[in-house]
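Numbering (UniProt numbering), first residue to last: 1 to 168.
In structure tokens form, the structure reads like this:
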């Protein structure tokens, strides 16, 4: 079983969701991350600069305009589900040890399994909703400590399977 503290930079992985095209960008050696003058991280993806008719990378960056891309970078948790599938941020997880599916979200440096609000909407007391909702949030590291990662399964993601996780 993978231990959190053993993850190295070589294990680092992510996927990129294109909000405009509504697809994950395919793994591509031409995906790059640059730092602009404003210390903001920009991402460009998928096109070889020579294909655009420019002679150098600078010309490519001028054409691509990474500031205008509408994308989401989703980090890999460093963990796999019971089928050997990588678990990424914004994946929807199903497991027999929990009564309902959860969404993987990165909050304050911790990957959490966050429940759908659907299960709490029927409660009449708003304080009870908050109390129960926040108690139901569980970190992936808690599951790992309980040795329960072998029963979780990625059943979709928030982009392609919105119906699995409405009212988040």
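All C-beta atoms in this analysis are idealised placements derived from N, C-alpha and C, irrespective of residue type, glycine included.
Next on the checklist: On the criterion of 16 or more Cβ atoms from any shown chain inside 10 Å, does residue 115 qualify as buried, or is it exposed?
Outcome noted: buried
Checklist entry - If you follow the beta strand (DSSP E) that residue 79 is part of, which residue opens it and which one closes it? => result 71-80
Checklist entry - In three-state terms, what does DSSP make of residue 140? => result helix
Item to check | Where the beta strand (DSSP E) containing residue 162 begins and where it ends | outcome: No beta strand (DSSP E) contains residue 162, which DSSP labels as neither H nor E.
Next on the checklist: Which of the three DSSP states is assigned to residue 112 in this structure?
Outcome noted: If DSSP states are grouped into helix, strand and coil, residue 112 belongs with the strands.
Checklist entry - How many angstroms separate the CA atom of residue 94 from the CA atom of residue 86? => result 14 Å
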